[in-house]
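Below is one structure, written out as structure tokens; the observations come after it.
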Amino acid sequence: MTRPRLGLFTRLLEEAPAADRYRYALEQIAHAEQLGFASAWVAQHHFGEHEGGLPSPFVLLAAAAQRTARIGLATAVVTLPIDDPLRAAEDAAVLDALSGGRVQLGLAAGGTPSSFPAFGRDPAARRELFAEHLEVLRDALAGRGVRGTDSRIYPDAGDLGQRVWQATFSAGGGTRAGADGDGLLLSRTQPRPEGEHTLPLHELQLPLIEAYHAALPEGVAPRILASRTALVVDPEHRDRALALAEPGLRSLAALQPGFDAGTASLEQLIAVTDTHVGTVEEVSASLAADAALPRVTDVSFQVHSIDAGHELTLRSLELLATEVAPRVGFATGPEAADALHTAHRTPADPARLHPAGADPVGPAATVEGASA
Numbered sequence: 001m002t003r004p005r006l007g008l009f010t011r012l013l014e015e016a017p018a019a020d021r022y023r024y025a026l027e028q029i030a031h032a033e034q035l036g037f038a039s040a041w042v043a044q045h046h047f048g049e050h051e052g053g054l055p056s057p058f059v060l061l062a063a064a065a066q067r068t069a070r071i072g073l074a075t076a077v078v079t080l081p082i083d084d085p086l087r088a089a090e091d092a093a094v095l096d097a098l099s100g101g102r103v104q105l106g107l108a109a110g111g112t113p114s115s116f117p118a119f120g121r122d123p124a125a126r127r128e129l130f131a132e133h134l135e136v137l138r139d140a141l142a143g144r145g146v147r148g149t150d151s152r153i154y155p156d157a158g159d160l161g162q163r164v165w166q167a168t169f170s171a172g173g174g175t176r177a178g179a180d181g182d183g184l185l186l187s188r189t190q191p192r193p194e195g196e197h198t199l200p201l202h203e204l205q206l207p208l209i210e211a212y213h214a215a216l217p218e219g220v221a222p223r224i225l226a227s228r229t230a231l232v233v234d235p236e237h238r239d240r241a242l243a244l245a246e247p248g249l250r251s252l253a254a255l256q257p258g259f260d261a262g263t264a265s266l267e268q269l270i271a272v273t274d275t276h277v278g279t280v281e282e283v284s285a286s287l288a289a290d291a292a293l294p295r296v297t298d299v300s301f302q303v304h305s306i307d308a309g310h311e312l313t314l315r316s317l318e319l320l321a322t323e324v325a326p327r328v329g330f331a332t333g334p335e336a337a338d339a340l341h342t343a344h345r346t347p348a349d350p351a352r353l354h355p356a357g358a359d360p361v362g363p364a365a366t367v368e369g370a371s372a
């Protein structure tokens, strides 16, 4: 079975001014390419620096395109209900031209509800808006006239419309992405059902993967990315890494209804937030226990919600690529990046669609519209 391709994901959450956050992200993407990462995914967030530091992912990725030559450049995600789908298509097409066809376009129906009113949108209508805007975006990327006109975007988007990914928290969203022939984005922030705080992330996500596979048109190869949190450190920095992890993980865990994050131990916080932190051996072991990862085509890692700082993040990328990836079985190097760029044209592999011994378990989350 094909090994998942290794990717970087960032929400640009360093404790630093905006200009430094963007510089750090560009350095991390360039560093990741040198290490053999296949992809770099950036999140979009509006209004404030605490959830995410980047409202304009295409601008940052255009700068990254000029510093790199092979790594995939991806959004995870564009909040399509509050974005102008025509402008998003134009920006993505320009970025794809600048990067030599390296764009992967991750989209979602959700996002931060408080961001919607400022854009004149009702968060309660996000699913309807997503469907409407996705149709416009697909028409634009396919070179069709937009909204009943003869207006077609320039530059031509080529096959970028076949490199769309949909993020979701629900089996229904997995079905929709599969039926559309799009990629599926699985978030490390997948909500637990109330009272199920210790349920492993893979038990929540395997049903989404099954729903996606079941809906894929015949002959279409799956594209599934799982995002995970990982901070890998050298043994002498392990205690520091754990100390850095605690505040962010406690804040993240506090968002789970009914979970007492204030009195939880660090081990409980790590478990309930599905965080992989520690030495190469520790992170490799915890990732090997994630039953969703053998079912995906791509995996991306962020250090957040750990405030690791830029230097530890760079070192974590090195250890992920050179030490963890060989142990766990992630694909790296030029071949992995090239395979991502052509994944939408690759024929389906029956062994990946129906792997031996696959046994999906656990309830699917009911929240739709993940922000990967």
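Under our numbering, the first residue of the sequence shown is numbered 1, with each subsequent residue one higher.
Beta carbons: idealized from backbone N, C-alpha and C, even for Gly.
Bear in mind the structure is a predicted one, so any value in this text is a computation, not a measurement.
Counting along the chain, where does the beta strand (DSSP E) carrying residue i start and finish?
i: S39; result: S39 to V42
i: F9; result: R5 to T10
i: I270; result: Here I270 belongs to no beta strand (DSSP E); instead the alpha helix (DSSP H) covers L266 to V272.
i: D298; result: D298 to Q302
i: L314; result: Not the beta strand (DSSP E): L314 falls in the alpha helix (DSSP H), residues H310 to L319.
i: A108; result: V103 to A108
With distances taken between CB atoms, is the gap from residue i to residue j smaller than 8 Å?
i: V220; j: V280; result: no
i: L6; j: A226; result: no
i: G248; j: S316; result: no
i: L293; j: P4; result: yes
i: A92; j: V42; result: no
i: G145; j: D156; result: no
i: R238; j: G195; result: no
i: A253; j: V272; result: yes
i: A40; j: I71; result: yes
i: T2; j: T332; result: no
i: R250; j: L269; result: yes
Using the C-alpha atoms, what's the distance from residue j back to residue i?
i: V367; j: R192; result: Since pLDDT at V367 reaches only 32, below the 50 mark, its modelled position is unreliable, and the value read off the structure follows with that caveat. C-alpha separation (whole angstroms): 10 Å.
i: V361; j: D290; result: Per-residue confidence for V361 stands at a pLDDT of 32, beneath the threshold of 50, marking its modelled position as unreliable; the derived number appears in the next sentence. Spanning the two alpha carbons is a distance of roughly 13 Å.
i: A18; j: L134; result: 30 Å
i: L73; j: D150; result: 30 Å
i: D180; j: T68; result: 31 Å
i: G447; j: D83; result: Any question about residue 447 goes unanswered here, given that the chain covers just 1 to 372.
i: G36; j: L13; result: 24 Å
i: L314; j: H31; result: 7 Å
i: Y375; j: G106; result: The question about residue 375 has no answer here: the residues shown for the chain are numbered 1 through 372.
i: A38; j: R188; result: 19 Å
i: Q162; j: G183; result: 9 Å
i: F58; j: L95; result: 7 Å
i: A372; j: Q44; result: In this prediction, A372 scores a pLDDT of 43, lower than 50, which makes its location untrustworthy; the coordinate-derived value is nonetheless stated afterwards. The alpha-carbon atoms of A372 and Q44 are separated by roughly 10 Å.
i: A215; j: A171; result: 11 Å
i: D359; j: A118; result: Residue confidence for D359 is low, a pLDDT of 39 falling below 50, so the modelled location carries little weight; the figure read from the coordinates is stated next. Rounded to whole angstroms, D359 to A118 spans 44 Å at the Cα level.
i: E282; j: G148; result: 56 Å
i: D20; j: P217; result: 44 Å
i: Q302; j: E246; result: 16 Å
i: I209; j: D349; result: 15 Å
So, is residue i buried or exposed, given that buried needs 16 or more other C-beta atoms within 10 angstroms?
i: V164; result: buried
i: P257; result: exposed
i: H46; result: buried
i: E15; result: exposed
i: Q66; result: exposed
i: R380; result: Given a span of 1 to 372 for the chain in the structure shown, any question on residue 380 remains unanswerable.
i: R126; result: buried
i: T322; result: exposed
i: E311; result: exposed
i: T342; result: exposed
i: G24; result: The identity of residue 24 in the sequence shown is Tyr, whereas the question assumes Gly. Burial call: buried.
i: T10; result: buried
i: H50; result: exposed
i: D274; result: buried
i: L8; result: buried
i: A174; result: The amino acid at residue 174 is misidentified as Ala; the sequence shows Gly. Buried, by the Cβ-count rule.
i: L287; result: buried
i: G120; result: exposed
i: E128; result: exposed
At a Cβ threshold of 8 Å, is residue i touching chain B?
i: L208; result: Absent from the structure is chain B; it holds one protein chain and no more.
What are the boundary residues of the alpha helix (DSSP H) that residue i is part of?
i: H133; result: R126 to L141
i: G174; result: A171 to D180
i: A288; result: V280 to A288
i: G248; result: R238 to A253
i: V328; result: A325 to V328
i: A167; result: Careful: A167 lies outside any alpha helix (DSSP H), inside the beta strand (DSSP E) at V164 to A167.
Any chance you could list the beta strand (DSSP E) runs of at least 3 consecutive residues sitting entirely within the region 15-94, in chain order? Counting only runs of 3 or more, we get 39-42 and 72-79.
What runs of the beta strand (DSSP E), each 3 residues or longer, lie entirely inside the region 172-233? Fully enclosed beta strand (DSSP E) runs of 3 or longer: 183-186 and 224-232.
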